[in-house]
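Going by my numbering, the first residue of the sequence shown is number 216, and it counts up by one from there. By construction, the Cβ of each residue, glycine as well, lies at the ideal position given by its N, Cα and C atoms. Computed from a predicted model, the values in this text were never measured in an experiment.
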Amino acid sequence: MNWKTQKTNVQATWRKYGWVPPTELKPPPQEVEMKFEDYQKSIAKDENHMKDYIERYKTENGHVEYCPYCITPRMDAISCCDENHWIEFQHFDDATQNEIISDEWDKAFGARL
Ligand SMILES: [Zn+2]
């Protein structure tokens, strides 16, 4: 599998989860001279890591309350956006859940695949 095919596969995984893949997925940095198969392995590992992260996030945060207007976690707030209205993570539609998870992923790891 060459680099272009690998890149297309990774982007397809992103789309499957309803996330917008980054437009420019960078090839392995020249200066590191990582072997191509090692690079493929590292991508596969990231991909599994991402899937695990999504599943774990949904399991562990299903009952976390969010403000439905600005999608901010409630934490200890009494009101948000001038309302006292909260929605549990698990009750958001898939698109919103994916948005929340991809934001969290960005915060945790800086960048997507
Ligand atoms: Zn709010």
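Per DSSP, the unbroken alpha helix (DSSP H) holding Trp320 starts and ends at Asp309 to Phe324. The three-state reading of DSSP puts Ile302 in strand, counting E and B together. It is roughly 31 Å from the alpha-carbon of Glu319 to the alpha-carbon of Lys250. Looking only at Pro288, Asp309, Asn263 and Asp267, the smallest Cα-Cα distance to Ile302 is reached by Pro288. Between Gln255 and Gly277, the gap from beta carbon to beta carbon reaches 9 Å or more.
Using a 10 angstroms sphere on the CB of Ile315, the tally of other CB atoms reaches 16 or more, which defines it as buried. CA-CA distance, Ser257 to Phe324, rounds to 15 Å.
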